[in-house]
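K.L.:
Dumping the structure here so I can ask a few things about it.
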Amino acid sequence: MQKVYLDNAATTQIREEVIAKMQEALRDFYGNPSSTHSFGRSAKTAIEKARKTIAKQLNAKPSEIIFTSGGTEADNMILRSAVRDLEVKTLITARTEHHAVLHTAEELALEYGIALHYVTLDAFGNPDISHLETLLKQDTTKKLVSLMHVNNEIGNIIDIQSIAELCSENNVLLHSDTVQSIGHFAWDVQKTPIDFMAAAAHKFHGPKGIGFAYVRKNSGLKSLIFGGSQERGHRAGTESFHNIVGLEESFVLAYASMEEEKRYVTDLKQYFIDRLLTQIPDAAFNGHSGDINNSTYTLVNVRLPFSEEKAMLLLFHLDIKGIACSKGSACQSGSSLGSHVLTEILTEAEMKKPSLRFSFSKYNTKEEIDYVIEVLKVFSEED
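Taken in order, the sequence shown gives residues 790 to 1172; the numbers are from this note's numbering.
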């Protein structure tokens, strides 16, 4: 059976170069980075090198990069500390955010009694900048805006530059879940006046269980986890050294080859769109995911013209054919609930049709896409 992995928005295949670096770290650098002897110093030096590498690419200061277990922890740390320590009283987000932001925001509203507002979305799922501006100016409470740069389900790219400038003009803090963005798009935190970001290595061919938070210097943000003084007091606990080394290697390789891989993957995405519409003309794309110019090049979210009965079997059918994709995001695939993102932008009738997210990487080929399209076409013709 042919095996085709088109679920790269959920996680990516780790690069061989990254595996080699991590094996070296596990074998040769086993000292505790907090120890003062040479074994510990060697590990600590490598961690600080990784911090500097990431900071330089983002045009940030090394002290502004805090290593975490991934995007979810980074989001939680930033939002919780903003409310607990920075005295944020109003949190503004969108109902299409990742649950790492949405559920954290809901809990903070319950725990601290803060005001929680959701910016209005257009028909494609983009935040209404005019409504955001209204929310920013409606009172004088200290505010934090949290809006993701690239949506993990429908691939929309928001105008983060305009939002950052608007927040800066109104003296409002800005956080962005950039898990689907870092490693795929260039960032300059000096040109885009953002206060906080979250990233995860496994989204750009690195290891799982490691990521980082960008925290603008002197923001006052404090730790979510208490104990030792690791990460300059921002995150207690012995550093996952081999994962940090893997994060650095995957980050470096992602940006070194970004333009070349972007061209290749964009071509794959366009090929998928063209082939699908040729074979299943009534297929539609959710959000802006079918628009090369207004969505990330890494994914499409497809709504297929199948009956409810066929829809129930579709994901299972693809799986037995060796095809990996997602119904909504991977974080929700085990849930009986539908996608909260699609619920916000689709009609009730459209929600009854099956929607699947196919996401691409440098390791995919047009031959694989041909196979996937053929499987979908045959399935659509079966009684």
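Built from N, CA and C at the ideal position, the CB exists for glycine as well.
Since we're looking at a predicted model, the values are computed, not measured.
Could you check what DSSP says for K1051 in three-state terms: helix, strand or coil?
P.N.:
Mapped onto the sequence shown, residue 1051 falls at position 262. In this structure, K1051 counts as helix in the three-state DSSP scheme.
K.L.:
Please look up how many angstroms separate the CB atoms of T885 and V1091, rounded, as I've assumed it's under 8 Å.
P.N.:
The sequence position of residue 885 within the sequence shown is 96, counting from 1. The sequence position of residue 1091 within the sequence shown is 302, counting from 1. About 18 Å separates the two Cβ atoms, so there is no contact after all.
K.L.:
Counting only the same chain and skipping the five closest in sequence on each side, list residues whose C-beta sits under 7 Å from that of H991.
P.N.:
For this step, residue 991 is matched to residue 202 along the sequence shown. Cβ within range, chain order: T800, T801, K997.
K.L.:
Taking the alpha helix (DSSP H) that V961 falls in, what are its first and last residues?
P.N.:
Start at 1 with the first residue of the sequence shown, and residue 961 comes out as number 172. Counting along the chain, V961 falls outside any alpha helix (DSSP H), and DSSP gives it neither H nor E.
K.L.:
If you draw a straight line from the alpha carbon of D911 to that of I947, how long is it in whole angstroms?
P.N.:
In the sequence shown, the residue the question calls residue 911 occupies position 122. In the sequence shown, the residue the question calls residue 947 occupies position 158. Approximately 12 Å between the Cα atoms of the pair.
K.L.:
When the Cα of L921 is compared with those of H892, E896, L897, A953, which residue comes out closest?
P.N.:
Taking the sequence shown and counting its residues from 1, the one referred to as residue 921 is at position 132. Looking at the Cα atoms, A953 is the closest of the given residues.
K.L.:
What span of residues does the beta strand (DSSP E) with I855 cover, start to end?
P.N.:
Taking the first residue of the sequence shown as position 1, residue 855 is located at position 66. Segment 854 to 857, the beta strand (DSSP E) holding I855.
K.L.:
Per DSSP, which residues does T882 bridge with? Please list them.
P.N.:
To locate residue 882, count along the sequence shown from 1; it is residue 93. For T882, which the question treats as bridged, DSSP gives the partners Y907.
K.L.:
Assign D966 to one of two classes, buried (16 or more other C-beta atoms within 10 Å of its C-beta) or exposed (fewer than that).
P.N.:
If you number the sequence shown from 1, residue 966 lands on position 177. Answer is buried; the Cβ neighbour count reaches 16.
K.L.:
Is there contact here, the segment 832 to 842 with the segment 971 to 987, by at least three beta-carbon pairs under 8 Å?
P.N.:
With a cut-off of 8 Å, the segment 971 to 987 and the segment 832 to 842 do not count as touching, because too few Cβ pairs lie within range.
K.L.:
Can you list, in chain order, the residues of its chain with a C-beta nearer than 7 Å to that of N915? Leave out the 5 residues immediately preceding and following it.
P.N.:
Taking the first residue of the sequence shown as position 1, residue 915 is located at position 126. Hits under 7 Å: N945, I947.
K.L.:
Can you pull the DSSP bridge partners for G1000?
P.N.:
Numbered from its first residue, the sequence shown carries residue 1000 at position 211. The partner list for G1000 (beta bridge, DSSP) reads T857, A989.
K.L.:
Using CA coordinates, which residue listed in K1058, F1095, P851, L897 is at the minimum distance from A1072?
P.N.:
Walking along the sequence shown from the start, residue 1072 turns up at place 283. Nearest option by C-alpha distance: F1095.
K.L.:
Could you give the distance in angstroms between the alpha-carbon of D1159 and the alpha-carbon of E900?
P.N.:
Along the sequence shown, read from residue 1 onward, the residue named residue 1159 stands at position 370. Along the sequence shown, read from residue 1 onward, the residue named residue 900 stands at position 111. Their backbone Cα atoms lie some 51 Å apart in a straight line.
K.L.:
From K1166 to Y1003, what does the alpha carbon distance come to, in whole angstroms?
P.N.:
Numbered from its first residue, the sequence shown carries residue 1166 at position 377. Numbered from its first residue, the sequence shown carries residue 1003 at position 214. Going from the Cα of K1166 to the Cα of Y1003 covers about 44 Å.
K.L.:
So which of A898, E1170, D984, G995 has the shortest CA-CA distance to I1069?
P.N.:
Within the sequence shown, numbered from 1, the residue matching residue 1069 stands at position 280. Out of A898, E1170, D984, G995, E1170 has the C-alpha closest to the C-alpha of I1069.
K.L.:
Ends of the alpha helix (DSSP H) at L847?
P.N.:
For this step, residue 847 is matched to residue 58 along the sequence shown. Element bounds for L847: 827 to 847.
K.L.:
Would you be able to state if there are at least three C-beta pairs under 8 Å between the segment 1077 to 1088 and the segment 1053 to 1066?
P.N.:
Cβ pair count under 8 Å is three or more, so yes.
K.L.:
Just to check my reading of the structure: I983 and F856 have Cβ atoms closer than 8 Å, yes? What is that Cβ distance to the nearest angstrom?
P.N.:
Residue 983 sits at position 194 when you count from the first residue of the sequence shown. Residue 856 sits at position 67 when you count from the first residue of the sequence shown. Going by Cβ atoms, the distance from I983 to F856 rounds to 19 Å, so no, they are not a contact pair.
K.L.:
Determine, using beta carbons only, whether A832 and G820 come nearer to each other than 7 Å.
P.N.:
The sequence position of residue 832 within the sequence shown is 43, counting from 1. The sequence position of residue 820 within the sequence shown is 31, counting from 1. Against a cut-off of 7 Å, the Cβ pair of G820 and A832 comes out as a contact.
K.L.:
Pull up the distance between the alpha-carbon of S951 and that of K980, whole angstroms please.
P.N.:
Stepping through the sequence shown from its first residue, residue 951 is reached at position 162. Stepping through the sequence shown from its first residue, residue 980 is reached at position 191. Those two C-alpha atoms are separated by around 11 Å.
K.L.:
Considering only the alpha carbon of each residue, which of T909, G829, V877 lies closest to A883?
P.N.:
The residue given as residue 883 occupies position 94 in the sequence shown. Among T909, G829, V877, the Cα nearest to that of A883 is on T909.
K.L.:
I'd like to confirm the pairing. Which residues does DSSP put opposite N1090 in its beta bridges?
P.N.:
For the purposes of this step, residue 1090 is identified with residue 301 of the sequence shown, where counting begins at 1. Per DSSP, R1146.
K.L.:
According to DSSP, which residues form a beta bridge with Y794?
P.N.:
Residue 794 sits at position 5 when you count from the first residue of the sequence shown. According to DSSP, Y794 bridges with A1113.
K.L.:
Which first and last residues belong to the alpha helix (DSSP H) in which L933 is found?
P.N.:
The residue given as residue 933 occupies position 144 in the sequence shown. Taken as a continuous stretch (DSSP letters only), L933 belongs to no alpha helix (DSSP H), being part of the beta strand (DSSP E) at 932 to 935.
K.L.:
Helix, strand or coil for V1164? Go by DSSP, reduced to three states.
P.N.:
Looking up residue 1164 in the sequence shown gives position 375. Looking at V1164 - three-state DSSP - the assignment turns out to be helix.
K.L.:
Would you report the Cα separation of G902 and V1041, rounded to the nearest angstrom?
P.N.:
The count along the sequence shown starts at 1 and reaches residue 902 at position 113. The count along the sequence shown starts at 1 and reaches residue 1041 at position 252. Roughly 42 Å between the two C-alpha positions.
K.L.:
Which of the three DSSP states, helix, strand or coil, is assigned to P916?
P.N.:
For the purposes of this step, residue 916 is identified with residue 127 of the sequence shown, where counting begins at 1. In the structure shown, P916 sits in a strand (DSSP, three-state: E or B).
K.L.:
If we call anything under 7 Å between Cβ atoms a contact, is S838 one with K1006?
P.N.:
Your numbering for residue 838 matches position 49 in the sequence shown. Your numbering for residue 1006 matches position 217 in the sequence shown. Position check: residue 838 holds Lys in this sequence, whereas Ser was assumed. Not closer than 7 Å, so no.
K.L.:
Please classify M790: is it buried, with 16 or more other beta-carbons within 10 angstroms of its beta-carbon, or exposed?
P.N.:
By 1-based counting over the sequence shown, the position of residue 790 is 1. Answer is exposed; the Cβ neighbour count stays below 16.
K.L.:
Tell me the DSSP secondary structure of D966 in three-state form.
P.N.:
On the sequence shown, position 177 is the one that residue 966 refers to. Correct three-state label for D966: strand.
K.L.:
Could you give the residue range of the alpha helix (DSSP H) that holds G1035?
P.N.:
Counting from 1 along the sequence shown, the entry for residue 1035 is found at position 246. From DSSP, the alpha helix (DSSP H) with G1035 extends over 1030 to 1045.
K.L.:
Tell me whether C1120 sits in a helix, a strand or coil according to DSSP, three-state version.
P.N.:
Taking the sequence shown and counting its residues from 1, the one referred to as residue 1120 is at position 331. Summary for C1120: the model assigns pLDDT 49, below 50, so the residue's position carries little reliability, and this model does not support an answer.
K.L.:
For S824, name the three-state secondary structure that DSSP assigns.
P.N.:
In the sequence shown, residue 824 corresponds to position 35, counting from 1. Looking at S824 - three-state DSSP - the assignment turns out to be coil, as it is neither helix nor strand.
K.L.:
In three-state terms, what does DSSP make of F1105?
P.N.:
Taking the sequence shown and counting its residues from 1, one reaches residue 1105 at position 316. Helix at F1105.
K.L.:
Would you tell me roughly how many angstroms separate the C-alpha atoms of E805 and G995, rounded to the nearest one?
P.N.:
Counted from its first residue, the sequence shown places residue 805 at position 16. Counted from its first residue, the sequence shown places residue 995 at position 206. Roughly 10 Å separates the two Cα atoms.
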